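Under this note's numbering, the first residue of the sequence shown carries the number 14, and numbering increases by one thereafter.
Cβ coordinates follow ideal geometry from the N, Cα and C atoms, glycine included.
Quick caveat, the model's predicted, so the values are computed rather than measured.
Here's the structure, in structure tokens; my notes come after.
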Amino acid sequence: MNIKATIWIFIIIFCTSPSSLANALDSDFVILLHGLARSKDSMTTMANRLSAENYRVINLEYPSRSKTIEAIANSTLSERIEKCRETGAKTIHFVSHSMGGIIVRYYLKHHEMEDLGKVVMLSPPNKGSEVVDKLGDTFIFEWINGPAGQQLGTKANSLPRQLGEVDFELGVIAGNQSINPVLSLLIPGEDDGKVSVKNTKVAGMADFVVIPATHTFIMNHPQAIEQTISFLKSGQFKQ
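So this is what it looks like as structure tokens:
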């Protein structure tokens, strides 16, 4: 075998090796945002699976019960994005659960992101939740969910309704199973126990899928995880 052929074989092997593929994604970051009254621990399974796909995962902890959505977006999320850039991020994706998606929408409506990749939202209250309409003014709801929770109603003046259509590459995953029949009684149509399927949708989204999952545990559902990976890689869900 001549020297030229040997060099080409070496190049082909190197370029298609697992370590080479991993290096190609070293600058692809994914920021995870948990839901209302949850912690980053709820996103651990998703984080581990995305890490196995060679994304650099940031599982963000944020004060969901003590600050407004605007404050969280402009402080905690904004600071984390800048740290990603400082550590080599070329593309920044987002994967969110529930209210985490509204934080992302608020941030992207008020901040330019040339390095924005794709966004996947799990059970987002994109048009608000009727649960907040009915229970948001009660002491127990406010004590559990804080000021941000009260922003998530379905009325025209609620924060989700004021954000308008999205102008970024978004995939929405909704659940249609409930483990809370009491709250489901407050929600018309199919729901996941907290948000109706129809209210997870938002104008401008690139793709949408419904899976048999509950609001509380959708981020751990195997279908949600595989669909998230599919959208991050291809911009569409598996049909």
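For residue i, the three-state DSSP class (helix, strand or coil)
i, result
"residue 72", "strand"
"residue 184", "strand"
"residue 130", "strand"
"residue 179", "coil"
"residue 205", "coil"
"residue 220", "strand"
"residue 213", "helix"
"residue 238", "helix"
"residue 105", "strand"
"residue 8", "Residue 8 is absent from the model: the chain starts at 14 and stops at 252."
"residue 35", "Its pLDDT being 43, under 50, residue 35 is placed unreliably by the model, and nothing is read from it."
"residue 247", "helix"
"residue 165", "coil"
"residue 110", "strand"
Status (buried if at least 16 other CB within 10 Å, exposed otherwise) for residue i
i, result
"residue 99", "exposed"
"residue 73", "buried"
"residue 116", "buried"
"residue 254", "Lying outside 14 to 252, the shown extent of the chain, residue 254 is not represented and no answer is given."
"residue 114", "buried"
"residue 252", "exposed"
"residue 235", "exposed"
"residue 205", "buried"
"residue 126", "exposed"
"residue 35", "Residue placement at residue 35 is flagged as unreliable, the pLDDT there being 43, under the threshold of 50; the coordinate-derived value follows with that caveat. By the neighbour-count rule (16 or more Cβ atoms within 10 Å), residue 35 is not buried but exposed."
"residue 152", "exposed"
"residue 168", "exposed"
"residue 138", "buried"
"residue 226", "buried"
"residue 238", "buried"
"residue 217", "exposed"
"residue 41", "buried"
"residue 55", "buried"
"residue 79", "exposed"
"residue 64", "exposed"
Beta-carbon proximity check, residue i vs residue j, cutoff 9 angstroms
i, j, result
"residue 123", "residue 170", "no"
"residue 228", "residue 184", "no"
"residue 186", "residue 107", "no"
"residue 136", "residue 207", "yes"
"residue 68", "residue 245", "yes"
"residue 105", "residue 130", "yes"
"residue 242", "residue 66", "yes"
"residue 132", "residue 181", "yes"
"residue 128", "residue 103", "yes"
"residue 215", "residue 118", "yes"
"residue 166", "residue 155", "no"
"residue 149", "residue 77", "no"
"residue 134", "residue 213", "yes"
Worksheet item: When the Cβ atoms of the region 163 to 174 are set against those of the region 86 to 101, are three or more pairs found closer than 8 angstroms?
Response: Touching, no.
Discussion item. Does the contact criterion of 3 or more C-beta pairs under 8 angstroms hold for the region 187 to 207 versus the region 134 to 144?
Written reply: Enough Cβ pairs lie closer than 8 angstroms, so yes.
Worksheet entry | Inter-stretch contact at 8 angstroms, needing at least 3 Cβ pairs: the region 41 to 50 / the region 104 to 114 | Segments in contact, yes.
Practice prompt. Output the residue ranges of the beta strand (DSSP E) runs that lie fully inside the region 40 to 64 and measure 3 residues or longer, sorted by chain position.
Written response: Counting whole runs of 3 or more residues, the region 40 to 64 contains the beta strand (DSSP E) stretches 41 to 46.
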